[in-house]
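Following: one structure in structure tokens, then a few remarks.
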Amino acid sequence: MADFETRMQLAIPSPSKLFTPAVTTILILMIAGWTIISYAPDFTLNWLALSSQGLLRGRIWQLFTYSFINGCSCNLIFNGLMVLFIGSAIEREWRTGSFVALWLVVCMTCGVMFFLVNLIGGWNYVGIGTGACGYGIIGAFGLLFRRKRFLALFWSVEAQYIAWLLIGIGLVLGIARPISWIWVAGALVAYIYVKIRWRIQSNNMYNRPAAVEGRRGGFVDVD
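Heads up, the sequence shown is in numbering that gives the first Met the number 0, so the first residue is 0 and it goes up one at a time.
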């Protein structure tokens, strides 16, 4: 019974734990992005969405703003839930600064990949959506909490398998439009980024007093 209650607590945190500072800000920006594209689609696609033409014209901010633009309410709700439940768990573990750094790295790396693929392929796709960062959060979640069990429907499942399932669904759904696999690659970007941070932190620990090793807010390998 106690184990069940612990899993329930992990799966359904209190609102105060869900609405962490960065997650709350991101959700507000996502709602704002959906509102803007609903009422001013031309402005959004020209100035906020990610496009090769836009970047070539110097609109570098598109590498950041595209991640808050969701074209339909279903995407907004799905991505919002990912950010709320999984993102808040990561932010609670890593603190706000590290979580924001992860978001920016995944967002901009996938944005550059999207730009290069369009440029090399001679395509003119326009990129919007929180998908890249959403999969980045999933990848980081599966790595950081990989041995921890979470309640999924009526079963207790390890975080790494939840992450693999969601990534697999993304790959299958992307068959109809392979360009969307760039967003799924956000999970790989996050994986590499977290591993690099772990390596840097591990190397730094050898040169610091032992008392520093327990400091919260860094990227800590839970195994």
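The beta-carbon is built from N, C-alpha and C at its ideal position, and this holds for glycine as well.
Where residue 73 falls, given that 16 or more other Cβ within 10 Å makes a residue buried: For this step, residue 73 is matched to residue 74 along the sequence shown. Exposed, because fewer than 16 other Cβ atoms sit within 10 Å of the Cβ of residue 73.
In terms of alpha-carbon separation, which member of 70, 48, 102 and 192 lies closest to residue 60? As a working mapping, residue 60 is identified with position 61 in the sequence shown. Comparing Cα-Cα distances from residue 60 to each of 70, 48, 102 and 192, the minimum goes to 48.
Just list the alpha helix (DSSP H) runs in the region 88-150, keeping only unbroken ones of 4 residues or longer that don't cross its boundaries, in chain order. 130-143
Does the pairing of the region 130-149 with the region 66-81 give three or more beta-carbon distances under 8 Å? yes
Are there 16 or more other CB atoms within 10 angstroms of the CB of residue 13, so buried, or fewer, so exposed? Looking up residue 13 in the sequence shown gives position 14. When all chains shown are included, residue 13 counts as exposed.
What residue range does the alpha helix (DSSP H) around residue 15 cover? In the sequence shown, the residue the question calls residue 15 occupies position 16. That run of the alpha helix (DSSP H) goes 14-17.
Can you tell me which residues form a DSSP beta bridge with residue 49? Your numbering for residue 49 matches position 50 in the sequence shown. Answer by DSSP bridge pairing, in chain order: 126.
As assigned by DSSP and simplified to three states, the class of residue 71: Taking the sequence shown and counting its residues from 1, one reaches residue 71 at position 72. Coil.
Put residue 39 into one of helix, strand or coil per three-state DSSP. What you label residue 39 is simply residue 40 of the sequence shown in a count that begins at 1. Here residue 39 sits in coil by DSSP.
Residues of its chain near residue 138, where Cβ-Cβ distance is below 6 Å and the 5 sequence neighbours each way are ignored: Numbered from its first residue, the sequence shown carries residue 138 at position 139. Closer than 6 Å at Cβ, skipping near neighbours: 186, 189 and 190.
On the DSSP letters alone, give me the boundaries of the alpha helix (DSSP H) that residue 57 sits inside. As a first step, residue 57 must be located in the sequence shown, where it is residue number 58. Run containing residue 57: none; DSSP gives neither H nor E here.
Decide if residue 18 is buried, meaning its Cβ has at least 16 other Cβ atoms within 10 Å, or exposed. Taking the first residue of the sequence shown as 1, we reach residue 18 at position 19. Exposed: under 16 other Cβ atoms inside 10 Å.
Residue range of the alpha helix (DSSP H) that includes residue 198: Along the sequence shown, one-based indexing puts residue 198 at 199. 185-204 is the span of the alpha helix (DSSP H), which, as asked, contains residue 198.
Through-space distance from residue 111 to residue 125, alpha-carbon basis: Looking up residue 125 in the sequence shown gives position 126. Looking up residue 111 in the sequence shown gives position 112. Each residue's alpha carbon lies about 13 Å from the other.
Let me check understanding here. Comparing Cα to Cα, which of 103, 52, 37 and 86 lies closest to residue 26? As a first step, residue 26 must be located in the sequence shown, where it is residue number 27. Cα-wise, what sits closest to residue 26 is 86.
With distances taken between CB atoms, is the gap from residue 183 to residue 170 smaller than 7 Å? Here residue 183 refers to the residue found at position 184 of the sequence shown. Here residue 170 refers to the residue found at position 171 of the sequence shown. Yes. Within cutoff.
Please identify the residue among 114, 39, 200 and 108 whose C-alpha is closest to the C-alpha of residue 55. Walking along the sequence shown from the start, residue 55 turns up at place 56. For the residues 114, 39, 200 and 108, the minimum Cα distance to residue 55 belongs to 114.
Could you check whether the Cβ of residue 196 sits closer than 7 Å to any Cβ belonging to chain D? Structure shown: chain D not included; a single protein chain is present.
Give the single residue among 99, 118 and 145 whose Cα lies nearest to the Cα of residue 51. Locating residue 51 in the sequence shown gives position 52, where the first residue counts as 1. With distances taken between Cα atoms, residue 51 lies closest to 118.
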